[in-house]
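What follows is a single structure, written as structure tokens, with notes after it.
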Amino acid sequence: MNSLLSRALELQQTAHDLMYLDTNGESVYSDDFCRLNKEVLVKSDSLFSEKGSGVEEEANLCLALLMGYNATIYDNGDKGQKKQAILDRISEILEQLPASLLKVRLLAYCYGEVYEAALLQDAYAIIDGWNKEKLTKEQTEVIEELKNVEDNPYPFEEVEE
């Protein structure tokens, strides 16, 4: 099965693996790192012109694309424009998306691009509705990711000399 959703979820996982490269104490060879970066870029580019058939499929696709373009070190000169196009697509569907883990992940990645406080507030409003004693692994991860983006606002952080 090579459905759009499965391809988007595969890209999400590959981009996540690249962003959080777990070496288990072993060396990372530059050719492996470059290969994984190239794989993420190729998958992102192959999905860029696709559109989801529903709001959740579109949200997963946009999340995968944003993750993919953020994870890779490569840029064919159009990555900034592609990320802006993805953000525009997200803004069209965000209000239609029900409160969910997917929406929090999307809000977290969007916040990491534009640092708009409203995105952060929306994400935390959904998180506040979760049972803190029974968080899933995915919920715990997204909370950590959100806090990381919030605490490390690079590249928008002003550096004083």
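Numbering (the working numbering), first residue to last: 7 to 167.
All C-beta atoms in this analysis are idealised placements derived from N, C-alpha and C, irrespective of residue type, glycine included.
Given the structure is predicted, the values throughout are model-derived calculations rather than measurements.
Determine the direct distance from the alpha carbon of Asn-43 to that of Pro-104, and round the result to whole angstroms. 32 angstroms
In three-state terms, what does DSSP make of Ala-105? coil
List the whole-angstrom C-beta distance separating Ile-92 from Glu-64, where the pair is believed to meet the contact cut-off of C-beta under 8 angstroms. In fact, because the Cβ distance is near 11 angstroms, the residues do not count as touching under 8 angstroms.
At 4 residues or longer, what runs of the alpha helix (DSSP H) sit wholly inside the region 44 to 105? 61 to 77, 85 to 99
If you measure between the beta carbons of Ala-14 and Leu-67, is that distance less than 8 angstroms? yes
If you draw a straight line from the alpha carbon of Met-7 to that of Leu-17, how long is it in whole angstroms? Legend: pLDDT at Met-7 = 45, less than 50; position of this residue unreliable, value from coordinates given subsequently. Going from the Cα of Met-7 to the Cα of Leu-17 covers about 15 angstroms.
Distance check for Glu-101 and Glu-163, CA to CA, integer angstroms please. At Glu-163, the pLDDT of 45 sits below 50, so the modelled position is not reliable and the matter cannot be decided from this model.
So, for Leu-24: in the same chain, excluding its five sequence neighbours on each side, which residues have a beta-carbon less than 8 angstroms away from its beta-carbon? Leu-42, Asn-43, Val-46, Ala-77, Thr-78
Considering only their Cβ atoms, is the gap separating Val-110 from Ala-129 smaller than 8 angstroms? yes
Check whether the Cβ atoms of Leu-107 and Glu-151 sit closer than 8 angstroms, and answer yes or no. no
Can you have a look at Gly-74 and say buried or exposed, based on whether 16 or more other CB atoms are within 10 angstroms of its CB? buried
Mark Cys-40 as exposed unless 16 or more other C-beta atoms lie within 10 angstroms of its C-beta, in which case mark it buried. exposed
Please return the same chain residues whose Cβ sits closer than 7 angstroms to the Cβ of Thr-20, not counting the five positions on each side in sequence. Glu-45, Val-46, Lys-49
For Pro-159 and Gln-127, I'd like the C-alpha separation in whole angstroms. 16 angstroms
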